[in-house]
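Here the numbering used here is used: the first residue of the sequence shown is 6, the next is one more, and so on.
Note that CB positions come from ideal geometry on N, CA and C, so glycine has one too.
Computed from a predicted model, the values in this text were never measured in an experiment.
Read through the structure below, which is laid out as structure tokens, and then see the notes.
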Amino acid sequence: MRPESGIRVRRLLAGLIAVVAFAIAWIAFFRQEADPPQLTAAPESKVEPQLLFDKWPKGNPDLVIVLTGQMHGYLQKCGCSHPQKGGLERRYNFIESLKARGWEVIGLDVGDVPHPLPYTPTKEQTLAKYETAMQAMKLMGYKATAVGREELAMPLQDALSKYTLQTGNEYPKVLAANIANKKDFPDTNGGSTLTESDIFTTKGGLKVGVIGVAGMEVTNRTIDSSVKFDGNPAAVVAKTLKTWADKSTDVNVLLYQGPIKWTDPTGRKVDATTAAEGFPAFHIVLCKMPENAEADAPDMPTVVNDGKTMICQVGQKGQNVGVIGVFKGPKGTEYFYQRVTMSEEFETPPDKEKGHPILKLLQDYSDTVKDNDYLSEMAKRKKLHSVQALPNHAKAEYVGDAKCVACHKDEMAVWQKTKHAGAYNALAVLAKNPKGRNFDGECIICHTVGYDFKTGFVNQKQTPNLMNVQCESCHGPSSLHVDEETVNLKKNKGQTHAFTMSLSPWKVNGQGAMPSLKRLEAMVKEPDPTKREAILTPAENHTYLAVYQVCYKCHDQDNDPKFKLESYWPNVVHTGLKKK
Numbered sequence: 006m007r008p009e010s011g012i013r014v015r016r017l018l019a020g021l022i023a024v025v026a027f028a029i030a031w032i033a034f035f036r037q038e039a040d041p042p043q044l045t046a047a048p049e050s051k052v053e054p055q056l057l058f059d060k061w062p063k064g065n066p067d068l069v070i071v072l073t074g075q076m077h078g079y080l081q082k083c084g085c086s087h088p089q090k091g092g093l094e095r096r097y098n099f100i101e102s103l104k105a106r107g108w109e110v111i112g113l114d115v116g117d118v119p120h121p122l123p124y125t126p127t128k129e130q131t132l133a134k135y136e137t138a139m140q141a142m143k144l145m146g147y148k149a150t151a152v153g154r155e156e157l158a159m160p161l162q163d164a165l166s167k168y169t170l171q172t173g174n175e176y177p178k179v180l181a182a183n184i185a186n187k188k189d190f191p192d193t194n195g196g197s198t199l200t201e202s203d204i205f206t207t208k209g210g211l212k213v214g215v216i217g218v219a220g221m222e223v224t225n226r227t228i229d230s231s232v233k234f235d236g237n238p239a240a241v242v243a244k245t246l247k248t249w250a251d252k253s254t255d256v257n258v259l260l261y262q263g264p265i266k267w268t269d270p271t272g273r274k275v276d277a278t279t280a281a282e283g284f285p286a287f288h289i290v291l292c293k294m295p296e297n298a299e300a301d302a303p304d305m306p307t308v309v310n311d312g313k314t315m316i317c318q319v320g321q322k323g324q325n326v327g328v329i330g331v332f333k334g335p336k337g338t339e340y341f342y343q344r345v346t347m348s349e350e351f352e353t354p355p356d357k358e359k360g361h362p363i364l365k366l367l368q369d370y371s372d373t374v375k376d377n378d379y380l381s382e383m384a385k386r387k388k389l390h391s392v393q394a395l396p397n398h399a400k401a402e403y404v405g406d407a408k409c410v411a412c413h414k415d416e417m418a419v420w421q422k423t424k425h426a427g428a429y430n431a432l433a434v435l436a437k438n439p440k441g442r443n444f445d446g447e448c449i450i451c452h453t454v455g456y457d458f459k460t461g462f463v464n465q466k467q468t469p470n471l472m473n474v475q476c477e478s479c480h481g482p483s484s485l486h487v488d489e490e491t492v493n494l495k496k497n498k499g500q501t502h503a504f505t506m507s508l509s510p511w512k513v514n515g516q517g518a519m520p521s522l523k524r525l526e527a528m529v530k531e532p533d534p535t536k537r538e539a540i541l542t543p544a545e546n547h548t549y550l551a552v553y554q555v556c557y558k559c560h561d562q563d564n565d566p567k568f569k570l571e572s573y574w575p576n577v578v579h580t581g582l583k584k585k
């Protein structure tokens, strides 16, 4: 086995041009009935292909195994700006490109397929995402997925009912060797929707054995009381391997639901590394990344047992996959590894979109979200905005930009020229594959005002005044400010009230403004991080960081990986504009 001979994925060029044609770009337009928005799709992006498999032996491998895991509900790429990684559509296209080489390909997943976001309106939507993902993996030729903490949190029976219970014993099978009460999760044939392991024979004649097990990092913290785990995962794995003794398997894989390194409360190491070292019969151990890890994974696996076992981590959110080529030759069976980023090079060409099976699944999912009106369900779960949580501010409500323009005409003129002003139509008009993302709370939260807060956006019909990214998206619910200023203008002209101050939380005692555009331009031009930080005074830096945190709620690493406040601020700057 020579995993070190696999290549490192070529990184996308820093200067990637343009935006994917269907990316959810924020399109600027004026919200005037007499002058409807002019929406223009972004130009097609150009991506340099990754250099793949150049260190692998010549000729076709006997088998290719695609490894994935911890998708966390990301059915599509992770955000709506450029560049983006991930998505089931791209993964399908990538696997199809391998098959087009004449390679036999199977998929294995370590689990944690679903994951509800804090602003996912209903559990039903998360289950619908899980079902879509499992159906997609079936289309891709997956053989198995393990049970992770996210499946247990659904809880497990609900997750199984969305796919495994419906399909019987079809692939991908759900493997859970150390769940002791499998019979409590029956299928329609009198068996169980769970199994501890599987052995299958490939078209090329290789026998592949796969075991799925939850590590103690998971079993010690499970929240599903209906699941009973065996106390010792190692004993369960050992018992299963004994049943394989006369099966003459060629490739053995352990799907280990736990991190590569973990120590239990007693100080004992119980992790993927100890599992791999304790069971050298496994050629491949696929484990998960730590919970606080970045989405990316190491370029190469960790090798143990004198090079006989590779421990693979593939990252989170479906942004990358691990690919193992199995080659049988004079030296025996050799394994070669490649991490592949699901980048824009695997996007579906426009002439191939019609009839694309994954695009159909994604559209079916989007239609399900719309037809069940999951979006409006968020109205039952809205929380208090930080402004509403302040003393004497409980009655603060969102009012919409029409209430702001009366006093802030200059600020509104600036806003109307920004992409924020067209945020809603970027979903409702431009978005495709799937269409209808303006009915999805997981998208709409960053394209409307206060979706996850009380009195905020509910849907287009009930709250049309709160569409797009408006003043209150950053400043908070402003009804009391409007009332306060009305009184102020009539009786106490020039006086500033407490509520008005609460709408600018980045200020200290009413003081604080963003650095000048000249200083921000200097930050953009300065490549040295240390020197760049020194450009701002402590007071300026405080305001800069506070404003950055407000923007980062949507312009985070997933949704806008190139976000830099110093570069974006000139497009939205309105500090110092006078009221009229």
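Would you mind reading off the limits of the beta strand (DSSP E) that contains residue i?
{"i": "ILE289", "result": "289-293"}
{"i": "GLY283", "result": "Counting along the chain, GLY283 falls outside any beta strand (DSSP E), though it belongs to the alpha helix (DSSP H) covering 277-283."}
{"i": "ALA151", "result": "147-151"}
What residue range does the alpha helix (DSSP H) around residue i cover?
{"i": "ARG273", "result": "Counting along the chain, ARG273 falls outside any alpha helix (DSSP H), and DSSP gives it neither H nor E."}
{"i": "ALA164", "result": "161-167"}
{"i": "PHE99", "result": "93-104"}
{"i": "PRO362", "result": "362-376"}
{"i": "ARG537", "result": "534-539"}
{"i": "LYS178", "result": "Unbroken run through LYS178 is the beta strand (DSSP E), 178-180; no alpha helix (DSSP H)."}
{"i": "GLU156", "result": "154-158"}
{"i": "TYR379", "result": "379-382"}
With DSSP as the reference, label residue i as helix, strand or coil.
{"i": "PHE205", "result": "strand"}
{"i": "ARG226", "result": "coil"}
{"i": "CYS317", "result": "strand"}
{"i": "VAL578", "result": "coil"}
{"i": "VAL555", "result": "helix"}
{"i": "TRP420", "result": "helix"}
{"i": "TYR456", "result": "coil"}
{"i": "SER197", "result": "strand"}
{"i": "ILE184", "result": "strand"}
{"i": "THR307", "result": "strand"}
{"i": "THR172", "result": "helix"}
{"i": "PRO191", "result": "strand"}
{"i": "GLY446", "result": "helix"}
{"i": "PRO440", "result": "What sits at residue 440 in the sequence shown is Lys, not Pro. The answer is coil: DSSP assigns LYS440 none of H, G, I, E or B."}
{"i": "LEU435", "result": "helix"}
{"i": "THR245", "result": "helix"}
{"i": "TYR135", "result": "helix"}
{"i": "TYR403", "result": "coil"}
{"i": "SER4", "result": "Lying before the first or after the last residue shown, residue 4 is absent from the chain, which here runs from 6 to 585."}
{"i": "THR548", "result": "helix"}
{"i": "LYS252", "result": "coil"}
{"i": "TYR429", "result": "helix"}
Find the nearest neighbour of residue i within the set the options, judged by alpha-carbon distance.
{"i": "GLN171", "options": "ALA149, MET139, THR150", "result": "MET139"}
{"i": "ALA433", "options": "ASN473, LYS459, GLU416, GLN75", "result": "ASN473"}
{"i": "ALA158", "options": "TYR97, ASN464, VAL232", "result": "VAL232"}
{"i": "LEU68", "options": "THR460, PHE504, TYR340, LYS440", "result": "TYR340"}
{"i": "ALA544", "options": "GLY517, PRO335, ARG537", "result": "GLY517"}
{"i": "VAL213", "options": "ARG106, LEU132, LEU366, SER253", "result": "SER253"}
{"i": "LEU56", "options": "LYS293, LEU395, ARG344, ALA240", "result": "ARG344"}
{"i": "ILE111", "options": "LEU211, ASN397, THR137, ASP59", "result": "LEU211"}
{"i": "GLN368", "options": "LEU93, MET145, ILE540", "result": "LEU93"}
{"i": "ALA151", "options": "LYS567, PHE234, LEU260, GLY64", "result": "LEU260"}
{"i": "LYS313", "options": "LYS266, ALA281, GLU296", "result": "ALA281"}
{"i": "TYR97", "options": "TRP511, LYS82, ARG226", "result": "LYS82"}
{"i": "SER86", "options": "VAL578, ASP565, PHE99", "result": "ASP565"}
{"i": "GLY91", "options": "ASP203, CYS448, GLU349", "result": "GLU349"}
{"i": "ILE100", "options": "PRO88, GLY116, ALA133, ALA141", "result": "ALA141"}
{"i": "CYS559", "options": "LYS530, LYS437, GLY455", "result": "GLY455"}
{"i": "ASN470", "options": "THR453, ARG537, PHE234", "result": "THR453"}
Return the bridge partner residues of residue i from the DSSP annotation.
{"i": "LEU72", "result": "LEU113, GLY327"}
{"i": "ILE216", "result": "SER202, LEU259"}
{"i": "GLN343", "result": "VAL328"}
{"i": "PHE234", "result": "ILE184"}
{"i": "PRO264", "result": "LYS293"}
{"i": "GLY334", "result": "GLY337"}
{"i": "LYS388", "result": "PHE458"}
Mind pulling the alpha helix (DSSP H) runs of 4 or more residues that sit fully within the segment 462-523? 476-480, 484-496, 503-507
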